[in-house]
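If you use my numbering, the sequence shown corresponds to residues 147 to 537, in order. Glycine included, C-beta positions come from ideal geometry on N, C-alpha and C.
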Amino acid sequence: MNSRTTGFVAALTTLAATGAGLGAAAAAAPAPAAGNGTSYTPAISRDGRFVAFASDATNLVAGDTNGKRDIFIRDTVAKTTRRVSVGTGAKQANGSSFWPKISDNGRYISFISSASNLVAGDTNRQADAFRVDTSSGAVTRLSVGAGGRQANGKTANLDMDATGTKFVFSSTAGNLVSGDTNSTEDVFVRDVAAGTTKRISTYGGRQPVRGQVEKTTISPNGAFAGFTYKGGSANGSYEWTRSTNSVDMIYPDYLLEIGPATNYGVSTWYSVYSEGSHCTYEDVDVPQAGGSLAIEMGACSNYYAWAYDVNPAGTMVAMQLEYPDNTLYLFDADTSFYDDDPEDVAIAALPEFTTSFTLASDGQSVVYADDSGQIRKWTHKTGAIALISTS
């Protein structure tokens, strides 16, 4: 652990003990108890210590009376839970918050929120993207244009790089960049350090792509971003490269979807259903140094993927197979399920259905939302499973 990380963890531990900056800490709450409401979409720091998640529970921290979905961070070492979707002076959010992301060191958490009291001057009555610095409690609005101009449309599909300084999101706003006159949802990248917002949903002669944004992703190193459009003039998946500021179409249809990006590019998930055979063929391709990691589920193999996540190097894939066994698998090499059963080639397996999950960057653990609405952390080498959505 380097000196900067050590200082951050010390500051975070102090905040947890005092309740400063981000409101009441778990130490001020009753004895630890599982959340009394559904929790969603966990994200995990590189080493697995910190987990961010959204929750409807009201018993994770003391004084949670806003009746809104909030964002929390769990320190699995200090065993504390804190609410981070709060404004100045620990003011409770007056709107719900969703889809948290966490930086590799656990310092920054980003999310979408409809609250208007997380930062001063939020008067646009739109869902915005925010970032919380958990070491200080400072909240920054991300979905802004030049000079901090607030968006005149809603923000969605947020993703964050490993450092917590670069972001991708979609927005229906027409005032985040100059010349935005296409009256449709666009995709933007935000660099907090540089203070810049750039539209990247352009293709072919720099013409804006039209349609509805299905999803976005940004690589851990911030070098690549991906987005998928459905409907409109340009169905398909696209990849933006920061070094050249160029956009390439990955596939001109929605049969191929983007997945999480690695440090080498955007992963893809191709799925096609054959009406004649009533079988589905799926192929996941994950960029890595000098090539890619491929997982193929052949037609009529009786295996169907529900979702997957990847590590930054593209050398490990966590995949939920919805049929036939509802099991979460970890793979670290090319495989084809029509040649092998998943359990024969996976490095680990968790026989449980998850509604969402995230693989830690170091590949040692996975956090997931189970079908009972709780967040849990699975350390695959030991088999340990820990409850995360707890006070």
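Check	Outcome
So, do the stretch 181-198 and the stretch 239-252 have three or more beta carbon pairs nearer to each other than 8 Å?	yes
DSSP has G411 in a bridge; who is on the other side?	T408
Bridge partners of T318, per DSSP?	Answer by DSSP bridge pairing: none, since T318 is not bridged.
Tell me Q434's beta-bridge partners as DSSP assigns them.	G437
Report the option in P366, N251 and G460 whose CA atom is closest to the CA atom of D221.	N251
How about S542 and K225: are their beta carbons less than 7 Å apart?	For the chain, the structure presents residues 147 to 537; residue 542 sits outside this window and is missing.
Please return the same chain residues whose Cβ sits closer than 7 Å to the Cβ of E489, not counting the five positions on each side in sequence.	A495
Identify whether E403 lies in helix, strand or coil by the three-state DSSP scheme.	strand
For K312, is the classification buried or exposed, using 16 other Cβ atoms within 10 angstroms of its Cβ as the cut-off for buried?	buried
Kindly indicate the opening and closing residues of the beta strand (DSSP E) around P546.	In the structure as shown, the chain begins at 147 and stops at 537. Residue 546 is therefore absent and cannot be evaluated.
For a quick check, are the C-beta atoms of A506 and G194 less than 7 Å apart?	yes
Please work out which residues of its chain come closer than 7 Å, Cβ to Cβ, to R253, disregarding the five sequence neighbours upstream and downstream, and give them in chain order.	F154, D279, T280, S281 and G310
Please report the Cβ distance between A179 and N205, rounded to the nearest whole angstrom; I am assuming they are in contact, meaning their Cβ atoms lie under 8 Å.	6 Å
Can you tell me where the alpha helix (DSSP H) with D490 in it begins and where it stops?	P488 to V491
Quick check: the Cα distance between A174 and R228, rounded to an integer number of angstroms?	With a pLDDT of 45 at A174, under the threshold of 50, the modelled position of this residue cannot be trusted; read the value that follows with caution. Rounded to whole angstroms, A174 to R228 spans 10 Å at the Cα level.
With H, G and I counted as helix, E and B as strand and the rest as coil, what does DSSP make of G235?	helix
Note down, in chain order, each residue of its chain lying with its Cβ closer than 6 Å to the Cβ of A203, except the 5 sequence neighbours on either side.	G181, N182 and G183
Cα separation between T504 and G357?	28 Å
What does V456 pair with, by DSSP beta-bridge criteria?	V463
What three-state label does DSSP hand R339 in the structure shown?	For the record, residue 339 in the displayed sequence is Ala; it is not Arg. Coil at A339, not helix or strand.
Provide the residue span of the beta strand (DSSP E) that contains E360, from first to last.	Q358 to I364
Taking C-beta to C-beta, are A319 and N303 nearer than 7 Å?	no
In or out: P398 buried (at least 16 other Cβ within 10 Å) or exposed?	exposed
Contact check, A236 vs I258 under 8 Å by CB: the rounded distance?	With a Cβ gap of about 21 Å, A236 and I258 do not count as contacting.
What's the call for Y469, buried or exposed, on a 16-neighbour Cβ count within 10 Å?	exposed
Mind reading off the beta-carbon distance from D555 to S383? Whole number of angstroms is fine, and I expect it under 8 Å.	Residue 555 lies beyond the residue range present for the chain, which begins at 147 and ends at 537; the question has no answer from this structure.
Compute the Euclidean distance between the alpha carbons of L322 and F483, then round it to the nearest angstrom.	45 Å
Using DSSP bridges, identify the partner residues of I258.	F244 and A275
Give me the residue from A435, S389, G233 and L401 with the minimum Cα distance to D429.	L401
Taking the C-alpha atoms as reference points, what is the distance between Q296 and S317?	12 Å
Could you pull the start and end residues of the beta strand (DSSP E) that G372 belongs to?	F370 to K376
What residues are listed by DSSP as bridge partners for E468?	According to DSSP, E468 bridges with nothing at all.
Between S518 and the rest of its own chain, which residues show a CB-CB distance below 7 Å, the 5 nearest in sequence each way excluded?	none
Our contact map puts I531 next to V197 with C-beta atoms below 8 Å; I'd like the distance itself, whole angstroms only.	Actually they do not touch by this definition, with Cβ atoms about 13 Å apart.
CA-CA distance, A292 and A340?	11 Å
Over the uninterrupted beta strand (DSSP E) stretch that includes V197, give me the two end residues.	F196 to S201
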